[in-house]
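Visitor: Here it is, the structure, as structure tokens.
Protein chains in written order, with my numbering: chain P, 1 to 58; chain E, 1001 to 1387.
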């Protein structure tokens, strides 16, 4: 998954929860997905950041 | 009949001239020949008609003792030695020799007249280029970012070309240049044709070169009139590659210096120009490298804080939603409690059942029926006595 896609999905989930549109039964699932997406995005960013720093140090 | 000998006749002409003519005259004329022999300078003056060719011609000379002074004076003022094709203003005395005939002995020269004439000619050429709309064409070409492949038009024997190459080689930035010489005569009558031939050759392999450099070494007084021609100026102005020229000297720009993309003073300065251009490009790249690094890191940081924000938002949104649902649930609980029969029973009401079914109408009961009464606490059985 691309970073932008992950971020977009994350934003949708948060917006749905904020608007109260998420079913209670699905809430735990949504939260789990949101947390996974955050971890996924963070990892991507950290990877890119360390790549960038390596390139800049060359 | 009293015939004269030729010597006598010529002698008469000479005597008449010496008697009748002023000692000296100021003469405006064009030089069609300039030759130095044994320290003297031999000239030929001409005047051209409006349409037909020559309409007047005279031999002239400058004796060595005068020539030493006048030639230096002339070169110093005009930046060029006395040369063929120049318009000159000279003070002459008329001589007539029985054997050698009529000639003009130059005693003084006014170089500013020639300077003016050269300037006039250059102005005229520039005006014509303007009329053709081509005078700025080479100047409007954009210098490529990378000036690496350099076609040089110069004389292979001139010191200038060597200076140029040396200067390029010892640049402090480690820039590598590919230089090729396209030989041309840089002085005298054949300048126009040989420079054009060199330019033609370069134009034939145009994509192999980034820039053309036309340089002339020496710097001092030289006959530059070959560079002041309309045809060469048109060539330079309309050349497809940018041209850098270093032809004229301190006080004097030739026409092609004026129409070229960039004019420098010396071959060394031409090399410095190219080196500076390369150094500027290097600095730009260096700056971009720093900027790109900072921009990328900045964007990453931006994304990180955005994620952090979303993370917090998720947590609070979930908490909010749960709270909301619980609230709804609690409200429902209150309503349900309100409907609970136990609460009614506690108020003193009771439920009457017959065979487990609640009785809501006394008509259904007949005397003797066993009824079951449920209170808030406990149950009793009774019999209906009367209705």
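Glycine residues also receive a C-beta, built at the ideal position from the N, C-alpha and C atoms.
(1) Using only CA atoms, which one of E:1048, E:1166, E:1056 and E:1080 lies nearest to residue 1247 (chain E)?
(2) So, is residue 1242 (chain E) buried or exposed, given that buried needs 16 or more other C-beta atoms within 10 angstroms?
(3) Please name the residue or residues paired with residue 1215 (chain E) in a DSSP beta bridge.
(4) In chain order, what residues of the stretch 1275-1298 of chain E put their CB closer than 7 Å to some CB of chain P?
(5) Skipping 5 residues on each side, what residues in its chain have a beta carbon closer than 7 Å to that of residue 1233 (chain E)?
(6) Closer than 7 Å by beta-carbon distance: list the chain E residues that pair up with residue 12 (chain P), in chain order.
(7) If you draw a straight line from the alpha carbon of residue 15 (chain P) to that of residue 1283 (chain E), how long is it in whole angstroms?
(8) Please list the terminal residues of the continuous beta strand (DSSP E) segment that includes residue 1095 (chain E).
(9) How would you list, in chain order, the residues of chain E whose beta-carbon sits under 7 Å from the beta-carbon of residue 69 (chain P)?
(10) Cα separation between residue 1006 (chain E) and residue 1021 (chain E)?
(11) Who does residue 1183 (chain E) pair with in a DSSP beta bridge?
(12) Tell me which residues of the stretch 34-50 of chain P have at least one Cβ-Cβ distance to chain E shorter than 8 Å, keeping chain order.
(13) By Cβ distance below 6 Å, which residues in the same chain neighbour residue 1275 (chain E) in space, the five residues on each side in sequence not counted?
(14) Residue 1044 (chain E) and residue 1064 (chain E) - do their beta-carbons sit closer together than 9 Å?
(15) Grouping DSSP H, G and I as helix and E and B as strand, with all else coil, what is residue 1239 (chain E)?
(16) List the DSSP bridge partners of residue 1 (chain P).
(17) By DSSP, does residue 19 (chain P) sit in helix, in strand, or in coil?
(18) Start and end of the alpha helix (DSSP H) containing residue 1197 (chain E)?
(19) Identify which residue in E:1209, E:1263 and E:1160 has its Cα closest to the Cα of residue 1217 (chain E).
(20) Output the boundary residues of the beta strand (DSSP E) element that contains residue 1340 (chain E).
(21) At a CB-CB cut-off below 7 Å, which residues of chain E make contact with residue 18 (chain P)?
(22) Which residues of chain P have a Cβ atom closer than 7 Å to the Cβ of residue 1303 (chain E), listed in chain order?
(23) Check the DSSP bridge columns for residue 1031 (chain E) and list the partner residues they point to.
(24) Which chain P residues are close to residue 1311 (chain E), counting only those with a beta carbon under 7 Å from its beta carbon?
(25) Would you check if the distance between the CB atom of residue 1211 (chain E) and the CB atom of residue 1144 (chain E) is smaller than 9 Å?
(26) Distance, Cα to Cα, residue 1273 (chain E) vs residue 1150 (chain E)?
(27) Checking contacts by CB at 9 Å: is residue 53 (chain P) closer than that to chain E?
(28) For residue 1385 (chain E), which three-state DSSP category applies?
(29) Between residue 1163 (chain E) and chain C, is the shortest Cβ-Cβ distance under 9 Å, so that the two count as touching?
(30) Taking Cβ positions, are residue 1084 (chain E) and residue 1114 (chain E) nearer each other than 9 Å?
(31) For residue 1170 (chain E), return the contacting residues in chain P, with the cut-off set at a CB-CB distance below 8 Å.
(32) Do you know how far the Cα of residue 1264 (chain E) is from the Cα of residue 1158 (chain E)?
(33) Whose Cβ in chain P lies nearer than 7 Å to the Cβ of residue 1325 (chain E)?
(34) Give the straight-line distance between the Cα atoms of residue 1202 (chain E) and residue 1153 (chain E), rounded to the nearest whole angstrom.
Guide: Reading off the structure:
(1) The shortest C-alpha separation from residue 1247 (chain E) is found at E:1080.
(2) With 16 or more other Cβ atoms within 10 Å, it is buried.
(3) Per the DSSP secondary-structure output, residue 1215 (chain E) pairs in a beta bridge with E:1246.
(4) Within the stretch 1275-1298 of chain E, the qualifying residues are 1293, 1296 and 1297.
(5) 1125, 1129, 1255, 1256 and 1259, listed in sequence order.
(6) None at all; the shortest Cβ gap to chain E is about 11 Å.
(7) Their backbone Cα atoms lie some 47 Å apart in a straight line.
(8) Counting along the chain, the beta strand (DSSP E) containing residue 1095 (chain E) begins and ends at 1087-1097.
(9) This structure does not reach residue 69 (chain P), given that chain P is present from 1 up to 58, and the question cannot be answered.
(10) Roughly 22 Å between the two C-alpha positions.
(11) Paired residues: E:1154.
(12) So the close ones are 34, 35, 38, 41, 42, 45, 48 and 49.
(13) So the list reads 1171, once near-sequence residues are dropped.
(14) Not a contact, by the Cβ cut-off of 9 Å.
(15) In the structure shown, the three-state DSSP call for residue 1239 (chain E) is coil.
(16) Residue 1 (chain P) is bridged by DSSP to nothing; it lacks a bridge partner.
(17) Of the three classes helix, strand and coil, the one that applies to residue 19 (chain P) here is coil, per DSSP.
(18) Residue range 1191-1204 is occupied by the alpha helix (DSSP H) that includes residue 1197 (chain E).
(19) Ranked by Cα distance from residue 1217 (chain E), the options E:1209, E:1263 and E:1160 are led by E:1160.
(20) Careful: residue 1340 (chain E) lies outside any beta strand (DSSP E) and carries neither H nor E.
(21) In chain order: 1317.
(22) 45, listed in chain order.
(23) Residue pairing for residue 1031 (chain E): DSSP places it in a beta bridge opposite E:1045.
(24) Under the 7 Å cutoff, chain P gives 38.
(25) Against a cut-off of 9 Å, the Cβ pair of residue 1144 (chain E) and residue 1211 (chain E) comes out as a contact.
(26) Rounded to whole angstroms, residue 1273 (chain E) to residue 1150 (chain E) spans 12 Å at the Cα level.
(27) Chain E contact via Cβ: present.
(28) Taken through DSSP and simplified to helix, strand or coil, residue 1385 (chain E) comes out as coil.
(29) Protein chains P and E are contained in the structure displayed, whereas chain C is not.
(30) For the 9 Å CB-CB criterion, residue 1084 (chain E) and residue 1114 (chain E) do not form a contact.
(31) Residues of chain P passing the Cβ test: none, with the nearest at roughly 29 Å.
(32) Annotation: residue 1158 (chain E) to residue 1264 (chain E) spans about 17 Å, alpha carbon to alpha carbon.
(33) Going along chain P in sequence order, the residues near residue 1325 (chain E) (Cβ under 7 Å) are 24.
(34) The alpha-carbon atoms of residue 1202 (chain E) and residue 1153 (chain E) are separated by roughly 9 Å.
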